[in-house]
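Residue numbers (full-length UniProt numbering): 1 to 320.
No residue lacks a Cβ here, since even glycine has one placed at the ideal position from N, Cα and C.
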């Protein structure tokens with residue numbers, strides 16, 4: 001590689017994991033107010049493989065495309081006007097989302113104020129697993145639901161990337177947390193702070209949950225999870241529907257029951273990432289990385305992610 005090129009994972013057509021290709025591309029240059037970051041690790045999220053398949057955020061992208069939004073690395077260069085970061089700073093971010101960020105690459109550029117200093121107590125692999133998932137959980141629980149101590153919060157798909165962080169953040173906010181996940185994940189979720197766990201393959205959650213104040217729905221229309229969640233939400237309570245927004249069925253059921261609903265699409269937020277870094281460094285929140293992959297193993301990583309059976313997150317070790 002020359003100083004003007006870098007390795008990156010690109011796609012030139014929508015499709016399965018086989019369309020992912022590692023090659024040499026032009027290295028980006030920071031504009032004024034931007035920073036160039038040498039990526040050490042890049043987080044993998046469901047939106048990545050959905051976009052690769054022509055779904056997700058595909059409609060906002062242009063081919064050829066470098067996938068990926070979660071990054072952790074070191075500031076290499078700063079553009080004119082940047083005052084908050086300097087070369088050598090360790091940072092993490094979810095830049096540009098939902099516009100392309102090019103996270104599956106050795107370098108990324110983005111506005112400096114979309115980056116935050118990474119948690120000091122963890123390495124780049126764990127830090128890269130945090131931004132999109134942790135910001136989604138934070139923006140759902142804090143900014144949207146305004147969860148308060150003593151409330152009851154139900155988290156669907158609690159063992160996944162967003163889910164396991166939502167469990168911890170809800171507990172940090174003082175909520176009683178009910179988590180749905182397969183039974184092998186229950187002990188681990190209890191360690192993270194879940195007060196009650198439900199195996200959705202053996203029980204219908206609405207039969208055992210009782211009334212809750214907030215539902216963080218990370219499943220949506222699959223098995224009508226979104227509509228069924230209305231039955232356990234108190235009048236005036238809130239269902240935050242994250243995968244694909246509020247469906248017509250959910251809106252109708254919630255309207256009849258007097259339950260509020262809200263869609264959510266995560267946004268870059270360096271201030272929240274700074275707060276989350278503090279929670280990680282204090283031990284209040286920890287991120288689970290099930291497995292790391294080299295760039296050349298990205299197709300394998302996507303295949304594993306698409307099984308929806310991972311515990312926590314998958315990460316590309318870009319520096320490997």
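Residue i - DSSP class collapsed to helix/strand/coil
{"i": "residue 252", "result": "helix"}
{"i": "residue 288", "result": "coil"}
{"i": "residue 187", "result": "helix"}
{"i": "residue 87", "result": "coil"}
{"i": "residue 309", "result": "coil"}
{"i": "residue 112", "result": "helix"}
{"i": "residue 299", "result": "helix"}
{"i": "residue 163", "result": "helix"}
{"i": "residue 75", "result": "strand"}
For residue j and residue i, the rounded distance between their alpha carbons
{"i": "residue 215", "j": "residue 140", "result": "10 Å"}
{"i": "residue 24", "j": "residue 8", "result": "6 Å"}
{"i": "residue 47", "j": "residue 256", "result": "32 Å"}
{"i": "residue 157", "j": "residue 213", "result": "18 Å"}
{"i": "residue 300", "j": "residue 17", "result": "8 Å"}
{"i": "residue 34", "j": "residue 27", "result": "14 Å"}
{"i": "residue 29", "j": "residue 161", "result": "31 Å"}
{"i": "residue 219", "j": "residue 165", "result": "15 Å"}
{"i": "residue 240", "j": "residue 261", "result": "6 Å"}
{"i": "residue 60", "j": "residue 99", "result": "6 Å"}
{"i": "residue 199", "j": "residue 222", "result": "16 Å"}
{"i": "residue 309", "j": "residue 201", "result": "13 Å"}
{"i": "residue 186", "j": "residue 225", "result": "19 Å"}
{"i": "residue 346", "j": "residue 197", "result": "No answer is possible for residue 346: the residues shown for the chain start at 1 and end at 320."}
{"i": "residue 82", "j": "residue 190", "result": "43 Å"}
{"i": "residue 79", "j": "residue 92", "result": "18 Å"}
{"i": "residue 179", "j": "residue 52", "result": "30 Å"}
{"i": "residue 298", "j": "residue 44", "result": "9 Å"}
{"i": "residue 267", "j": "residue 138", "result": "11 Å"}
{"i": "residue 129", "j": "residue 204", "result": "31 Å"}
{"i": "residue 143", "j": "residue 96", "result": "20 Å"}
{"i": "residue 289", "j": "residue 169", "result": "17 Å"}
{"i": "residue 167", "j": "residue 242", "result": "15 Å"}
{"i": "residue 321", "j": "residue 13", "result": "Any question about residue 321 goes unanswered here, given that the chain covers just 1 to 320."}
{"i": "residue 127", "j": "residue 318", "result": "13 Å"}
{"i": "residue 285", "j": "residue 193", "result": "10 Å"}
{"i": "residue 4", "j": "residue 76", "result": "13 Å"}
{"i": "residue 207", "j": "residue 71", "result": "40 Å"}
{"i": "residue 234", "j": "residue 154", "result": "12 Å"}
Run of the beta strand (DSSP E) containing residue i, from where it starts to where it stops
{"i": "residue 314", "result": "313-317"}
{"i": "residue 176", "result": "176-180"}
{"i": "residue 5", "result": "5-11"}
{"i": "residue 173", "result": "No beta strand (DSSP E) contains residue 173, which DSSP labels as neither H nor E."}
{"i": "residue 116", "result": "115-117"}
{"i": "residue 154", "result": "152-155"}
Residue i, enclosing alpha helix (DSSP H) - first and last residue
{"i": "residue 132", "result": "131-138"}
{"i": "residue 125", "result": "124-128"}
Does the pairing of the region 100-120 with the region 27-40 give three or more beta-carbon distances under 8 Å? yes
In chain order, what are the residue ranges of uninterrupted alpha helix (DSSP H) at least 4 long that sit wholly in the region 196-284? The region 196-284 contains, as complete alpha helix (DSSP H) runs of 4+ residues, the segments 205-208, 225-230, 248-257 and 270-282 (chain order).
Can you list, in chain order, the stretches of the beta strand (DSSP E) that have 3 or more residues and sit fully within the region 14-70? 21-26 and 34-44, all fully within the region 14-70.
Decide if the region 116-127 is in contact with the region 278-290; the criterion is three or more beta carbon pairs, one per stretch, under 8 Å apart. yes
Does the pairing of the region 262-276 with the region 126-141 give three or more beta-carbon distances under 8 Å? yes
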